[in-house]
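Protein chains in written order, with this note's numbering: chain S, 1 to 319; chain D, 320 to 638; chain H, 639 to 957; chain Y, 958 to 1276.
This report concerns only the one structure given below.
Printed below as a string of structure tokens:
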């Protein structure tokens, strides 16, 4: 193992730069060279690469986004794309590849691996919807960003005695919505994993109102429905006049939290260690505090489930 | 002057609590009593009041929103509403009223004043669209909030090499949009005060792209058009694929910045000083560093204009 | 179980209010009454209590500090003090007590428990030096606070090409120092758990300097030595001219992070659940994601050890 | 005017990068070239320069510190040093120099100017102790940083009912201490401009205590005395047991606030405009909202005085 490549792919997540730094420095510490591949698989196919040194990753640990940039790459979904990528890796004398991204990105890594090329995945997505690790890189930061925004909305909701609907990211998974809802002390949360009943929500709002509650915050994961649609339903059914806020891409940016900077540093280091041990086709993750590896397929074959206790907390604490 | 009332009205703004604290403590320091009137003119009419003491305003200087809450009050637009408010003030032995809010709130104050009741206005709105003061309470905090959100968007815009449209508050005035655009180093800004030309914007985007710029941020004040509509126009005319973010009510919340906490403290103190001097029907403001008073009507009769230099800065620095 | 008491004791930690809220609301949800005891065991002995309701804990989830205030109580270390506390609890018809604090506070709880009074402990300290839980309430927030301060120091260290020593809290345990050092990408960390060798540090600084590194950050846990003393040693031995910063009590304040707000909510709820199950003399903790209970003594009898991988990360990534 | 140089000198201040960006882009917009001179006058003498382009100043507007780094340069205080600097400027075909820094840095600029070289100063220091501008770059950010730290201290001061002394930067001027004290609602402030009377402070503390105030915050500018010394005096004279926090270099770092990013952008642009108009030996400043120029000597010959109203606000609002 003389020279390794590293790329970031899919949606960006805070901490990706910390992972790039950790991969680069751990590799150099172990006498390897590191090539940064820009714009994910797209840049791989196009040969958009840059050598990384100890100093070129200095000062990036706290920058949001990814210095290698990222992209979706439809070409890489097809076998020709993957073979083209493989050729490029060989052109650059790269012996192994480390991929930072979500489950879509891991699919590409898996395809490369099936052609015999050594690949390690590092889970980076604010959605936290990947098995094989208790937390993905970026999740904690996104929770804090969402929390800070919701706190600001609470100020104005409380001053105006209003009902606020806050749409947070999460197409297929409600981890971010649930965590933010508990952390913000929201009164209700709509999750993709739980069937939504308008009746129950309206009843709860009426009950809260009768008890003297003058404002409420409802968190809705984008995968359930747009906040704007929920507002219409609440108006039509219960006569509620709700304000809506869509947090959107803000949740993807920002400096990584301490938790994410540490997690990314450990997973970045762990990925290089796994390569040194001769592993391939695996992702690194942190489970119960330990850095472990699991087959890449775990990322899309296994389903990480929401904590039932967290869901009942919303009910108990939102009274 | 034995007992004064204070209320917050209209949209809430960070720093309103700091103003309430300053009014209360300055009044008590001057041997007056202070009555807090809840929910603006609505609460005045309904007699929703609470006495304020030195300690009841302790610890509120940094809280977002307003502890007195706020509301719009259509009843107070009509003469009967104003007269009812006046009766209430007399019921509570209140000798003068201090109103914290925007120009709409100052209209109500003006109506009370015309009936002979002593009133002082404190300008509090994130829009900064009031003459009689260089800055309104809340504007600086809102600029910082917008800036911090836009910085997060810049992370992801840069990582994905995308065009982002950010809609900021500002129906009739572009102060917030312009300040945030310069502070964030945005490439373009759409202001209510300046006619928008789609052609010019598309040309600028093409030029930036030709020069190698891979991502751009455009700030649009809500008063010009919704960001979603701008996205459609950019798609139709130039084929641009833009992501949109609507900052919304987040801009209204949060702890006041140092600037706003100081401004609110000074204007709150200044309002009580003005009452002591026997002034009425005026607003306090800070102009060129000095606390001054102007007739309440200035808030809606005079137009504060955007700084032309700031507008050309966007052009120069966004290259 | 009709009426429970809750108190915070020892050094305050961000998230204590979230724990108070969760205890209160979970108890009321389960038809219990809740009495807040002010100023820890001191307030218990003096009968400084206040009933808590659903609304009296509204809006406190994100406030730093503790609304019940806290104090050290030498009287409670002696048997008479504990018996006096017990009498007070009976005077107020309190059936069980929930104590939020560190291991010192748990000693007091244990003494009460030995007299037959039902007690549950919730671990709250920024030091994270308590077994029985993977994380204590406040640790994550303190890490983020330290990180944000160190990032600012990095700006100026880098601009001036200087060596900075940052003293973080931690008398007997280096969890905070280690986490902050990894998160901040510090070049070196001094931990109470690891013997300090001045020679090794100077060698490392020389090596870094020879490689062209123009600035360095060294984190020192207060338990090792004051930063000012380290500065003298570095000056005397290696001629280094270091700037020092002592983060101090700043690390104890601030709104809880998302992680801490969630942890505190879960442990607060878990403490009431434990009481319902008839448990006593235990602390609640989160281990591997699950809310569990352990004997109170675990807090001072078992030693939680630093992660060895984290220590070697500093070495690898600080090159 | 074909090619200009820019350097940052003295203590770094948030917003210096925004100023470098504005100078660079405004100059390029006006068809000039820009040379960045690293490490202030030290780097000038040593020929440590780097060309700046539109893209090399991209993404720096929000970074703390200065990408050109800074240094103190004793050599430049002497005539030979200045002449050596002048030779270097001519070696690099630089036609004019823009210096970002405090009054010490302006002295160097003035010396260059006396030798006939065109120089413009941009005031950048967190101390705000320069006439010729209402605010220096970095002051507002430092106020916000201090405020945020003090708010965290307030949490723990209030929870523990303690007296806290906070030492903020400011050797000869109390602008930062006074602004932070008013913004934080501190009970007392010690300023270099005002003779300190221990008796008065103790009396005030006793009075506050008698009125039931359980915690207090005292802000002390470093120029008055170290917080540690004040603690000793308070202990000896009044028996007060105070906690101390020294904010230190944290106040120098961090992303610029919106206010500072805008101010730096305007002054950076204004400096280039002044060069275009043929001005030299002047500093740019913002006075009453307008960008103006004043002779460089104003920075050290005129004394900017504290606002008397601000000082009495502490007295009135700290009751």
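Backbone N, C-alpha and C fix where the C-beta goes; we use that ideal spot for every residue, glycine too.
Quick check: what's the CA-CA separation for residue i versus residue j?
i, j, result
"residue 421 of chain D", "residue 452 of chain D", "12 angstroms"
"residue 1051 of chain Y", "residue 1244 of chain Y", "30 angstroms"
"residue 8 of chain S", "residue 23 of chain S", "12 angstroms"
"residue 747 of chain H", "residue 725 of chain H", "14 angstroms"
"residue 389 of chain D", "residue 886 of chain H", "39 angstroms"
"residue 695 of chain H", "residue 516 of chain D", "52 angstroms"
"residue 98 of chain S", "residue 20 of chain S", "9 angstroms"
"residue 720 of chain H", "residue 711 of chain H", "11 angstroms"
"residue 948 of chain H", "residue 817 of chain H", "8 angstroms"
"residue 595 of chain D", "residue 325 of chain D", "15 angstroms"
"residue 1182 of chain Y", "residue 347 of chain D", "33 angstroms"
"residue 992 of chain Y", "residue 867 of chain H", "42 angstroms"
"residue 911 of chain H", "residue 305 of chain S", "23 angstroms"
"residue 1163 of chain Y", "residue 1275 of chain Y", "13 angstroms"
"residue 1073 of chain Y", "residue 1053 of chain Y", "10 angstroms"
"residue 1237 of chain Y", "residue 1099 of chain Y", "30 angstroms"
"residue 37 of chain S", "residue 136 of chain S", "21 angstroms"
"residue 798 of chain H", "residue 996 of chain Y", "8 angstroms"
Determine, using beta carbons only, whether residue i comes closer than 7 angstroms to chain Y.
i, result
"residue 764 of chain H", "no"
"residue 853 of chain H", "no"
"residue 470 of chain D", "yes"
"residue 699 of chain H", "no"
"residue 463 of chain D", "yes"
Let me confirm a value: residue i is counted as buried when at least 16 other C-beta atoms fall within 10 Å, else exposed. Which label applies?
i, result
"residue 350 of chain D", "exposed"
"residue 152 of chain S", "buried"
"residue 1193 of chain Y", "exposed"
"residue 330 of chain D", "buried"
"residue 962 of chain H", "In the structure displayed, chain H extends from 639 to 957; residue 962 of chain H sits before or after that span and is not available."
"residue 1209 of chain Y", "buried"
"residue 440 of chain D", "buried"
"residue 1010 of chain Y", "exposed"
"residue 529 of chain D", "exposed"
"residue 982 of chain Y", "buried"
Would a check of beta-carbon distances place residue i closer than 7 angstroms to chain H?
i, result
"residue 26 of chain S", "yes"
"residue 288 of chain S", "yes"
"residue 1115 of chain Y", "yes"
Quick one: what's got a C-beta closer than 6 angstroms to residue i's C-beta in the same chain, skipping five residues either side?
i, result
"residue 1124 of chain Y", "1177, 1179, 1184, 1203"
"residue 557 of chain D", "521"
"residue 298 of chain S", "131, 132"
"residue 743 of chain H", "647, 648, 737"
For chain D, is any of its Cβ atoms less than 7 angstroms away from the one on residue i?
i, result
"residue 107 of chain S", "no"
"residue 1148 of chain Y", "no"
"residue 1104 of chain Y", "yes"
Leaving out the 5 sequence neighbours to the left and right, which residues in its chain are closer than 8 angstroms to residue i when beta-carbon positions are compared?
i, result
"residue 157 of chain S", "163, 164, 215, 216, 217, 243"
"residue 394 of chain D", "360, 361, 364, 400, 403"
For residue i, write down the residues that DSSP places opposite it in a beta bridge.
i, result
"residue 415 of chain D", "D:323"
"residue 712 of chain H", "Answer by DSSP bridge pairing: none, since residue 712 of chain H is not bridged."
"residue 87 of chain S", "Its beta-bridge partners do not exist; DSSP assigns none."
"residue 609 of chain D", "D:606"
"residue 483 of chain D", "D:536, D:562"
Can you find the residues in the same chain that come closer than 7 angstroms, C-beta to C-beta, to residue i, ignoring five residues on each side of it along the sequence?
i, result
"residue 613 of chain D", "451, 601, 602, 604"
Answer with yes or no whether the minimum CB distance from residue i to chain S is below 7 angstroms.
i, result
"residue 907 of chain H", "yes"
"residue 528 of chain D", "no"
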